[in-house]
Structures are given as structure tokens and as C-alpha cells.
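Residue numbers (UniProt numbering): 1 to 371.
Ideal placement from N, C-alpha and C gives every residue a C-beta, glycine not left out.
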Amino acid sequence: MKASSVLHLRSLHCHSFSTPLISSLFHTKPLHSSSLSSSLFSSFYCHTSSETPHKPKTPIFLKPPIYKTTSKDLNTFINWAKDQISSLGPTFIDHDTALLQRELKWFLDDSVHECPSVVEIGVTPSKEVTLRESLDKMYELWEDRMVKRRPFQYIVGCEHWRDLVLCVEDGVLIPRPETAAIVDLVEGLGKVGGGGGVWADLGTGSGALAIGISRVFGRDARVVATDVSPVAVSVARFNVERYALQDTIDVRQGSWFDPIMEFEGNLTGLVSNPPYIPSEDMGGLQPEVGKHEPWLALDGGVEGLDYLSYLCAKTSTMLKPGGFFAFETNGEKQCKILANYLENMTGDSICNVNIVSDFAGIPRFVTGHRK
Numbered sequence: 001m002k003a004s005s006v007l008h009l010r011s012l013h014c015h016s017f018s019t020p021l022i023s024s025l026f027h028t029k030p031l032h033s034s035s036l037s038s039s040l041f042s043s044f045y046c047h048t049s050s051e052t053p054h055k056p057k058t059p060i061f062l063k064p065p066i067y068k069t070t071s072k073d074l075n076t077f078i079n080w081a082k083d084q085i086s087s088l089g090p091t092f093i094d095h096d097t098a099l100l101q102r103e104l105k106w107f108l109d110d111s112v113h114e115c116p117s118v119v120e121i122g123v124t125p126s127k128e129v130t131l132r133e134s135l136d137k138m139y140e141l142w143e144d145r146m147v148k149r150r151p152f153q154y155i156v157g158c159e160h161w162r163d164l165v166l167c168v169e170d171g172v173l174i175p176r177p178e179t180a181a182i183v184d185l186v187e188g189l190g191k192v193g194g195g196g197g198v199w200a201d202l203g204t205g206s207g208a209l210a211i212g213i214s215r216v217f218g219r220d221a222r223v224v225a226t227d228v229s230p231v232a233v234s235v236a237r238f239n240v241e242r243y244a245l246q247d248t249i250d251v252r253q254g255s256w257f258d259p260i261m262e263f264e265g266n267l268t269g270l271v272s273n274p275p276y277i278p279s280e281d282m283g284g285l286q287p288e289v290g291k292h293e294p295w296l297a298l299d300g301g302v303e304g305l306d307y308l309s310y311l312c313a314k315t316s317t318m319l320k321p322g323g324f325f326a327f328e329t330n331g332e333k334q335c336k337i338l339a340n341y342l343e344n345m346t347g348d349s350i351c352n353v354n355i356v357s358d359f360a361g362i363p364r365f366v367t368g369h370r371k
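This is how it looks when you write it as C-alpha cells:
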């Protein structure tokens, strides 16, 4: 998971390793994180889970408009929120006040069901306004954003990602814009006739990659998504159901490959955005990330490679011949270490290894195929 600022896309709706250390690292399972035969497809739908159910929180924009206030009181809130931005915004080192003003607008867009115009607020202060969140709760949430630096996505309960609106909450990693490039890479395979079969999204979080891939291939492919966090699993399932993809996506709780071993050697594709921030860098993350997002989804251990190395070591045994993989990394140094391992230390089982840059030109992804 990238350590940079949390970006908002409101759309239309490392040190080097010695060879012995590399070898041991790539063959040690981390303590935790996140045309097939008819029997394989039947097992896809017969999987059972014993995880403790977690009820996902409803994002503001999906809540019923059951609250009332007056345009005068709403205007008082707006002015108070703007004052908060003016007084506290300059302390946000990596945010400008213009971004916070946009966040306030988005917050109002989600919270206010029927919003009077500025003229109506001034002329008819007693006009009734319908809300999806109580005005008291709106004060509380905006204070959390400004004082506690709680991520805006957790405030409203969703993130706009590609052409999706994904529900997120505390305990679930907020999907970043650059991760969407993995879906673009997968989509490229579809254009040349590849992609049918079973795909795996490991450490799915909100289910972003699983949903994106399923929408690329439709019923030609099945996606099994895993995550060790019961909160992430419940939120991912909620998002899958919102997009009516229950028939093509199966979300399972468990660590990495553990819930999907019945597909060993038969996966068409494997993708993951695992924890990859070096442990020593965790303390320096911006407050929105370091204080609020789940460290389970961020901390990649020593050099940030604990989980990436494990994924690379298992890739050749999980993919079928010709199968594709794509992993997100922390940047160029991690990409080079992983690419070197995949090219030279996997027994000639991996080919077409590539390092792909993100939209900012930073080497971000390692991709390749099973021979």
C-alpha cells in the first residue's frame, strides 16, 4: 500500500539484500496479512466460512433522508465548517485549503437530500431541509475530519474509484487511484483473448480489484477474493452485492492462499496490492494513513517485502501455464528485487517479467506469466 497522501477522485458517480537473505525471505510464509474442470467450478460456490460476521456500516449517500433541519441551521453549520478549514487547514502539511473546501462540498452532497440554493438560505432561513445524517452528527463527523485527521473516505463511508463507488469504513484500506492500473493491465489481456477462468485477488480489502476484474470479463471469469480481516471481508461482500456480482465473485476470509488451495495450478490470473511499507517508515505516514488506516494492510515488515516475497514464491505453483500475475509495490527498489527473484530464482517457471510504472511515472507494478 502506497505511503503517499490519500487522493480523492470524485468521479461522475529499500536497502539491497544479499543472495542468501533473498532466498530465505522468498520461501517463508508471513505470519499473517491478507478452462477448468467442473469440480473446480463447483468448489468455487461450495466454500463455507467460519468467520465472525461483521455488519458493514452504511455510507451516508445510501442512508434514507429521515432527518430535518432549517436552511438557517444548515448555513450555520457550513460557516462553522469553513471556519474550521481556515483555522486548521494550514496545519495540514500535505493538504491545501482548496482540497478541504472540495471535501466539504462532497460531504454536503452526500449528507443533504434537498439543499436550498444560497439565495433561499438567505431569504427563507426557516425553509426545511432534508438530511441523510443528523445535523449534530454532521458537526461530529466534520470535527473528526479536521481535528482527528480522520480520512474523508471514512467520514462519508465511500471512495470513488475508477467507475465505482466503493463503500469503506474504519479497518478497511481505502483503495488508491494508482491501484486501478492493475485492472487496466488485466483488461489488456482480455483484448487479446485471454482472461477466462478463475482469478484470485489476495488481500482484497474493499474488493476493488476483484470487482474491477469481474466487470472486465463478466461471466467468462470467476474471481475469488481473500482477506484475513473479517471487517474487510464483510465490506468487500457488501460492495460485491451492490454491483450484483455475487455469481462471479466469491469473497473468503483467510490468509493469502490458504482459502483457495483447491485452485492450485489452475488460476488464470493472480493480483494483489499487499502491505509493502517498510516497518521503519510506518511512524512517518501522514496522520490520515498512519493513525486511522489498518496497519495490517500497510506494514510490509522489514524492507516492506514480507508479503510480496511470499506471493512471488507461491505464484508459479498457483497459476496454470500461461497464467498472469500483477503485484503492486512501494516503488523501483522493491520492483527490481522482485523482478530479479522471479527471473532468476523460480526454476525457469516464470516468463515475461515486467516492471510497470504508475500514472506518475513511478515503477509500481511487477507483472509476468507462468510458463
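- Message: Excluding the 5 residues flanking residue 247 on each side, which residues of the same chain have their C-beta closer than 8 Å to its C-beta?
- Response: Taking the first residue of the sequence shown as position 1, residue 247 is located at position 247. Correct list, in chain order: 219.
- Query: Roughly how many angstroms separate the alpha carbons of residue 189 and residue 208, rounded to a whole number?
  - Reply: For the purposes of this step, residue 189 is taken as the residue at position 189 of the sequence shown. For the purposes of this step, residue 208 is taken as the residue at position 208 of the sequence shown. Looking at the two C-alpha atoms, the distance is approximately 18 Å.
- Query: Taking just the CA atoms, how far does residue 282 sit from residue 245?
  - Reply: On the sequence shown, position 245 is the one that residue 245 refers to. On the sequence shown, position 282 is the one that residue 282 refers to. About 35 Å.
- Bridge-paired residues (DSSP) for residue 335: Counting from 1 along the sequence shown, the entry for residue 335 is found at position 335. Paired residues: none, contrary to the question.
- Reference residue 335; option with closest CA among 317, 55, 127 and 354: Locating residue 335 in the sequence shown gives position 335, where the first residue counts as 1. It is 354 whose Cα lies nearest to the Cα of residue 335.
- Message: Just to confirm my understanding: we take residue 113, look at its own chain, exclude 5 residues before and 5 after, and list those with CB closer than 7 Å. What are they?
- Response: Against the sequence shown, residue 113 aligns to sequence position 113. Here residue 113 has 65, 130, 131 and 132 as same chain residues with Cβ atoms under 7 Å from its own Cβ, once five neighbours each way along the sequence are excluded.
- How is residue 256 classed by DSSP in three states: helix, strand or coil? In the sequence shown, counting from the first residue as 1, residue 256 sits at position 256. Three-state result, residue 256: coil.
- Task: State yes or no: is the C-beta of residue 298 within less than 7 Å of the C-beta of residue 277?
- Result: Locating residue 298 in the sequence shown gives position 298, counting from the first residue. Locating residue 277 in the sequence shown gives position 277, counting from the first residue. Yes, they are a contact pair.
- Message: Please give the ranges of any alpha helix (DSSP H) in the segment 306 to 330, keeping only runs that are unbroken, at least 4 residues long and fully inside the region.
- Response: Taken in chain order, the unbroken stretches of alpha helix (DSSP H) that lie wholly in the segment 306 to 330 and span 4 residues or more are 306 to 318.
- Query: Beta carbon of residue 81, beta carbon of residue 161: below 7 Å?
  - Reply: For the purposes of this step, residue 81 is taken as the residue at position 81 of the sequence shown. For the purposes of this step, residue 161 is taken as the residue at position 161 of the sequence shown. No, these two residues do not count as a Cβ contact at 7 Å.
- Message: Going by DSSP, what residue range makes up the beta strand (DSSP E) through residue 266?
- Response: On the sequence shown, residue 266 is found 266 positions in, with the first residue counted as 1. Counting along the chain, residue 266 falls outside any beta strand (DSSP E), and DSSP gives it neither H nor E.
- State yes or no: is the C-beta of residue 291 within less than 7 Å of the C-beta of residue 169? Here residue 291 refers to the residue found at position 291 of the sequence shown. Here residue 169 refers to the residue found at position 169 of the sequence shown. No, they are not a contact pair.
- Item | Option nearest residue 265 by Cα separation, candidates 331, 272, 318 and 314 | In the sequence shown, counting from the first residue as 1, residue 265 sits at position 265. Considering only 331, 272, 318 and 314, the residue with the shortest C-alpha distance to residue 265 is 318.
- Task: Identify the continuous beta strand (DSSP E) that holds residue 87 and give its terminal residues.
- Result: One-based indexing of the sequence shown puts residue 87 at position 87. Residue 87 -> not in any beta strand (DSSP E); alpha helix (DSSP H) instead, spanning 71 to 88.
- Query: Do the CB positions of residue 230 and residue 54 come within less than 7 Å of each other?
  - Reply: Position 230 of the sequence shown holds residue 230. Position 54 of the sequence shown holds residue 54. Contact check for residue 230 against residue 54 passes: the beta carbons are separated by less than 7 Å.
- Item | Alpha-carbon to alpha-carbon, residue 201 and residue 263 | Translated into positions along the sequence shown, residue 263 becomes position 263. Translated into positions along the sequence shown, residue 201 becomes position 201. Rounded to whole angstroms, the separation of the alpha carbons of residue 201 and residue 263 is 13 Å.
- Item | Spatially closest choice to residue 324 from 289, 332, 239 and 365, by CA coordinates | As a position in the sequence shown, residue 324 is number 324, starting the count at 1. The candidate whose alpha carbon is nearest that of residue 324 is 365.
- Item | Alpha-carbon to alpha-carbon, residue 313 and residue 195 | Your numbering for residue 195 matches position 195 in the sequence shown. Your numbering for residue 313 matches position 313 in the sequence shown. Cα-Cα distance, rounded: 22 Å.
- Message: Can you look up residue 273 in the DSSP assignment and give me helix, strand or coil?
- Response: For the purposes of this step, residue 273 is taken as residue 273 along the sequence shown, with counting starting at 1. The answer is coil: DSSP assigns residue 273 none of H, G, I, E or B.
- Message: Less than 7 Å between the C-beta atoms of residue 371 and residue 357, yes or no?
- Response: On the sequence shown, position 371 is the one that residue 371 refers to. On the sequence shown, position 357 is the one that residue 357 refers to. No, the Cβ-Cβ distance between residue 371 and residue 357 is not below 7 Å.
- Message: To the nearest angstrom, how far is the alpha carbon of residue 309 from that of residue 163?
- Response: Walking along the sequence shown from the start, residue 309 turns up at place 309. Walking along the sequence shown from the start, residue 163 turns up at place 163. Each residue's Cα considered, the two are about 31 Å apart.
- Task: Find the nearest neighbour of residue 330 within the set 320, 344, 301 and 347, judged by alpha-carbon distance.
- Result: In the sequence shown, counting from the first residue as 1, residue 330 sits at position 330. Looking at 320, 344, 301 and 347, the one whose alpha-carbon comes closest to that of residue 330 is 301.
- Item | Helix, strand or coil at residue 243 [DSSP, three-state] | By one-based count along the sequence shown, residue 243 stands at place 243. Residue 243 falls in the coil class under three-state DSSP.
- Task: For residue 273, count neighbouring Cβ atoms within 10 angstroms of its own Cβ and tell me buried if that reaches 16, exposed if not.
- Result: Position 273 of the sequence shown holds residue 273. Counting of Cβ neighbours within 10 angstroms places residue 273 among the buried residues, the total reaching 16 or more.
- Over the uninterrupted beta strand (DSSP E) stretch that includes residue 221, give me the two end residues. Walking along the sequence shown from the start, residue 221 turns up at place 221. For residue 221, the enclosing beta strand (DSSP E) covers residues 221 to 227.
- Under the three-state reduction of DSSP, which class applies to residue 250: helix, strand or coil? By one-based count along the sequence shown, residue 250 stands at place 250. Looking at residue 250 - three-state DSSP - the assignment turns out to be strand.
- Task: From the DSSP output, in three-state form, read off residue 209 for me.
- Result: As a working mapping, residue 209 is identified with position 209 in the sequence shown. Residue state, collapsed to three classes: helix.
- Would you tell me roughly how many angstroms separate the C-alpha atoms of residue 228 and residue 206, rounded to the nearest one? Position 228 of the sequence shown, counting from 1, holds the residue named residue 228. Position 206 of the sequence shown, counting from 1, holds the residue named residue 206. The alpha-carbon atoms of residue 228 and residue 206 are separated by roughly 12 Å.
- Message: Contact defined as beta carbons within less than 8 Å: I believe residue 171 pairs with residue 294. What is the distance between those atoms, to the nearest angstrom?
- Response: As a first step, residue 171 is located in the sequence shown; it is residue number 171 there, counting from the start. As a first step, residue 294 is located in the sequence shown; it is residue number 294 there, counting from the start. The beta-carbon separation of residue 171 and residue 294, rounded to 5 Å, stays under the 8 Å limit for a contact.
- residue 7 classed as buried or exposed, judged by whether at least 16 other C-beta atoms fall within 10 angstroms: One-based indexing of the sequence shown puts residue 7 at position 7. Residue placement at residue 7 cannot be trusted, given a pLDDT of 43 that sits under 50; what the coordinates show is reported in the next sentence. It is exposed - the Cβ of residue 7 has fewer than 16 other Cβ atoms within 10 Å.
- Task: Could you spell out the range, first to last residue, of the beta strand (DSSP E) harbouring residue 97?
- Result: Taking the first residue of the sequence shown as 1, we reach residue 97 at position 97. Element bounds for residue 97: not the beta strand (DSSP E) but the alpha helix (DSSP H), 97 to 111.
- Below 7 Å between beta carbons: does that hold for residue 402 and residue 91? There is simply no residue 402 to check, as the chain begins at 1 and stops at 371 in what is shown.
- Task: Report yes if the C-beta of residue 211 is less than 6 Å from at least one heavy atom of the ligand MG; otherwise report no.
- Result: Here there are no bound small molecules, and the ligand MG is not part of this structure.
- Message: Please report the straight-line C-alpha distance between residue 146 and residue 70, rounded to a whole angstrom.
- Response: On the sequence shown, position 146 is the one that residue 146 refers to. On the sequence shown, position 70 is the one that residue 70 refers to. Rounded to the nearest whole angstrom, the CA to CA distance from residue 146 to residue 70 is 24 Å.
- Query: Out of curiosity, what's the CA-to-CA distance linking residue 271 and residue 217?
  - Reply: In the sequence shown, the residue the question calls residue 271 occupies position 271. In the sequence shown, the residue the question calls residue 217 occupies position 217. So the two alpha carbons sit approximately 15 Å from each other.
- Item | Whole-angstrom distance between residue 333 and residue 20, CA atom to CA atom | On the sequence shown, position 20 is the one that residue 20 refers to. On the sequence shown, position 333 is the one that residue 333 refers to. Summary for residue 20: the model assigns pLDDT 34, below 50, so the residue's position carries little reliability; its value from the coordinates is reported in the next sentence. Going by the C-alpha atoms only, they are around 18 Å apart.
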